[in-house]
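Asks: First residue of the sequence shown: -6, per the numbering used here; consecutive thereafter.
All residues carry an ideal CB built from backbone N, CA and C; glycine is no exception.
Here's a structure for you.
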Amino acid sequence: MRPTREISRSPEAGGIGVFLSTTLGRLLVSIFVPAITFFVLYQVFIFLRDTQIPQWITAIIAILWGVGGVLALYTLSNYLIEQLSPSWRRRLIPFVFVGPALAILTWYLVLPTIRSFIASLYDARGINFVGLDNYIYAFTSQEMLQSYRNNFLFWMIFGTGMSVGFGLLIAVLVDRTHPIFETVCKALIFMPMVISGVGASVIWKFIYEYRPTGSTQIGLLNGIITALGFESQGWLLLQPWNNLFLVIIMVWLQTGYSMVIISAAIKAIPADLLEAGRIDGANEFQIFRSIILPSIQGTLITVTTTIILFTLKIFDIVQSMTGGNFGTQVIANVQYVQLFRQVHNGRAAAIAIILLLAVLPVMYYNLRQFGKQTEAFR
């Protein structure tokens, strides 16, 4: 029998090993090791920010280092927490995976909201306390009253209604066509979704461009009506119809989104259910009204509320096309004007808070609907 040989350990090493084997030691390791990893990642980003190497090289390194670093940080944190007891594991895992998202949400949404509310109680320079004066302006000035009318009447009602209505109509029609034609049609209608609001505005400016009758028309719409013998029109100057002309740009952008979501919901309806309706003698309109619409009701509500959120904070199309002139002002554009042109921080902050309060009920309703849908799949 071979004699065993003990490995001598120093008291310090034994003490550290014993400490690390305790719950408190593992807990501290689980906190400090990711913290050190995050600190190293942050220092590298600071170095890349201040370095003199070409920007494209810096961007590539930052992307690779950022993605790899975040992956390493989560992997290391998860591994260390898995070494803890089950009770501590249950306590810490939510903080590791949800905690960063909550921290970012707090830093970029909650704290700015609080600061904006405080700023809304002060004057243009943020020095003198004026109470609710900025809110009184937001609910009494002609500019703001006009923006409320445009946002809620033209953009929210007409814009949302046309986007969802056209999306539903196209989704139902292409569902009955040949698969190749359906694919091509959906791709063409969805294509505007990849264009930004500013890019779409540039395109539609060429459509609405005005030149006097008798001149060479470079605007598509005026080119068509002058060819038919009518007078050219300044479409963006015709109040209040110019708001509808701007809304058409949003409908062009959002119809593809609503079409794709609604089409997916229609395809999820069991074919046996539709066939049973046809066997019972129902025509296509009755099937649409009694089977398809009730089956996709949840999807229609989700799409509608999502587009409503988009219309409440519409900005880029109005700013690019008219700058809010000629009766086309909207809430977000008034905030932009007050902050960057009038340099009135208090009014801009008050308008931002009002816009947030207008969006919150729709967000709450959306979250409730999402909660009901997730419960249905449990």
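1. Helix, strand or coil for residue 159, going by three-state DSSP, please let me know.
2. Output needed for residue 327: all residues of its chain with C-beta closer than 8 Å, excluding positions within five of it in sequence on either side, in chain order.
3. Are there 16 or more other CB atoms within 10 angstroms of the CB of residue 152, so buried, or fewer, so exposed?
4. Let's see if you can read the secondary structure: which residues bound the alpha helix (DSSP H) around residue 90?
5. Below 8 Å CB to CB, which residues in the same chain sit around residue 204 once its five sequence neighbours on both sides are set aside?
6. Can at least three beta-carbon pairs, one atom from the stretch 292 to 310 and one from the stretch 349 to 358, be found at a separation below 8 Å?
7. May I ask you to report which of helix, strand or coil DSSP gives residue 128?
8. With H, G and I counted as helix, E and B as strand and the rest as coil, what does DSSP make of residue 122?
9. Under 6 Å Cβ to Cβ from residue 128, same chain only, skipping five residues before and after it: list those, please.
10. Taking only runs of the alpha helix (DSSP H) that begin and end inside the stretch 198 to 226, which ones reach a length of at least 4 residues, in chain order?
11. Excluding five sequence neighbours on each side, which residues of the same chain lie with their C-beta closer than 8 Å to the C-beta of residue 0?
12. Distance check for residue 246 and residue 372, CA to CA, integer angstroms please.
13. Output yes or no for whether 8 Å exceeds the beta carbon distance between residue 323 and residue 143.
14. Kindly indicate the opening and closing residues of the alpha helix (DSSP H) around residue 179.
Replies: The relevant details are as follows:
1. Numbered from its first residue, the sequence shown carries residue 159 at position 166. Note: residue 159 maps to helix in three-state DSSP.
2. For the purposes of this step, residue 327 is identified with residue 334 of the sequence shown, where counting begins at 1. Same-chain partners within the cutoff: 136, 137, 140, 317 and 344.
3. Locating residue 152 in the sequence shown gives position 159, where the first residue counts as 1. It is buried - the Cβ of residue 152 has at least 16 other Cβ atoms within 10 Å.
4. Translated into positions along the sequence shown, residue 90 becomes position 97. Per DSSP, residue 90 belongs to the alpha helix (DSSP H) from 79 to 90.
5. Start at 1 with the first residue of the sequence shown, and residue 204 comes out as number 211. Closer than 8 Å at the Cβ level, and outside the excluded window around residue 204, lie 210, 211, 212, 215 and 225.
6. yes
7. Taking the sequence shown and counting its residues from 1, the one referred to as residue 128 is at position 135. Three-state DSSP puts residue 128 in a helix.
8. Locating residue 122 in the sequence shown gives position 129, counting from the first residue. The answer is strand: DSSP assigns residue 122 an E or B state.
9. As a first step, residue 128 is located in the sequence shown; it is residue number 135 there, counting from the start. The residues are 343.
10. 213 to 220
11. Translated into positions along the sequence shown, residue 0 becomes position 7. Note on residue 0: pLDDT 41, under 50, position unreliable in the model; the coordinate value appears next. Cβ within range, chain order: n/a, list empty.
12. Here the chain comprises residues numbered -6 to 371, so residue 372 is not present and cannot be evaluated.
13. As a first step, residue 323 must be located in the sequence shown, where it is residue number 330. As a first step, residue 143 must be located in the sequence shown, where it is residue number 150. Taking 8 Å as the Cβ cut-off, residue 323 and residue 143 qualify as a contacting pair.
14. The count along the sequence shown starts at 1 and reaches residue 179 at position 186. Residue 179 -> alpha helix (DSSP H) spans 172 to 183.
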